[in-house]
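Mapping the sequence shown onto our numbering, position 95 (from 1) lands on 95, and the numbers just tick up by one.
The block underneath contains the structure these notes are about, expressed in structure tokens.
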Amino acid sequence: MDTRLPDGNDKRTAVPRFLPPSLLMPNYQNRLRTIGRQLDLNGYRSIIVLQVDGGFIVRAVNRRTRKMELIEFSDADFPDRMIAATDARGDGERPESPSTLAPTGYEDMFRAIGRRLDHILARNVVIAEGQTALLVTGQKGEPDSGVEAFESVLDLIAITELLDEAFRLRASEQRTEERES
């Protein structure tokens, strides 16, 4: 197994004026979205995402080399990754998704899952991609009021419903932002 850090620019990037501050919030929706974008752009498949102290570790198969790789996504690097992902929008969109479970790519799927995880106050998350379903597990709730384990198995139908809901919510939020501008 190869171990490496994801490709990226090490120097600090200025925040673009058009970047909504909400995209820089270190929530699951945004962090998983940036992870998904990196996986899409580099053609990974057979994904396992593990939340660890200080970020996430992803084990994935590189479609080009067919080797298993371990990729680190540090929380400290998150703002720069989100800025880079936003800057790159429209620059030759990503290739077709390597996963039948992610019909529009890992970026969209992980963003939708992240939105749900934020809603349930998740922590210690693991996402594992199988042949016919995605397993999402971890803990949910507030430490003061009790934390409990959760586990969700998402097949293609459940993922499609989750994506449809996320796309509807995003379109509604964009219309609201446009009216307020």
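Built from N, CA and C at the ideal position, the CB exists for glycine as well.
Quick caveat, the model's predicted, so the values are computed rather than measured.
query                                                                                                                                               : result
Looking at Gly36 and Arg115, is the spacing between their C-beta atoms short of 8 Å?                                                                : no
Within 10 angstroms of its Cβ, does Glu107 collect 16 or more other Cβ (buried), or is it exposed?                                                  : buried
DSSP has Arg59 in a bridge; who is on the other side?                                                                                               : Ile48 and Leu70
Consult DSSP for Leu121 and reduce its assignment to one of helix, strand or coil.                                                                  : coil
Tell me, which residues are paired with Asp155 by DSSP?                                                                                             : Ala133
Only counting the same chain, and skipping five residues up and downstream in sequence, which positions put a Cβ closer than 8 Å to that of Ala166? : Asp108, Arg111, Ala112 and Arg115
Which residues does DSSP list as the beta-bridge partners of Gly138?                                                                                : Phe150
At what residues does the alpha helix (DSSP H) containing Thr34 begin and finish?                                                                   : Tyr28 to Leu41
Could you check how far apart the C-beta atoms of Val125 and Leu117 are, in whole angstroms? I think they sit under 8 Å.                            : 6 Å
In three-state terms, what does DSSP make of Ala102?                                                                                                : coil
Check whether the Cβ atoms of Arg45 and Arg63 sit closer than 8 Å, and answer yes or no.                                                            : yes
In chain order, what residues of the same chain lie with their CB nearer than 6 Å to the CB of Asp40, ignoring the 5 residues before and after it?  : Arg94, Gly105, Tyr106 and Glu107
Taking 8 Å as the cut-off, decide whether the C-beta atoms of Phe78 and Arg31 are in contact.                                                       : yes
Going by beta-carbon coordinates alone, are Gly55 and Glu72 separated by less than 8 Å?                                                             : yes
Quick one: what's got a C-beta closer than 8 Å to Thr3's C-beta in the same chain, skipping five residues either side?                              : With a pLDDT of only 40 at Thr3, under the threshold of 50, the placement of this residue in the model should not be trusted; the figure read from the coordinates follows. Correct list, in chain order: Glu69 and Leu70.
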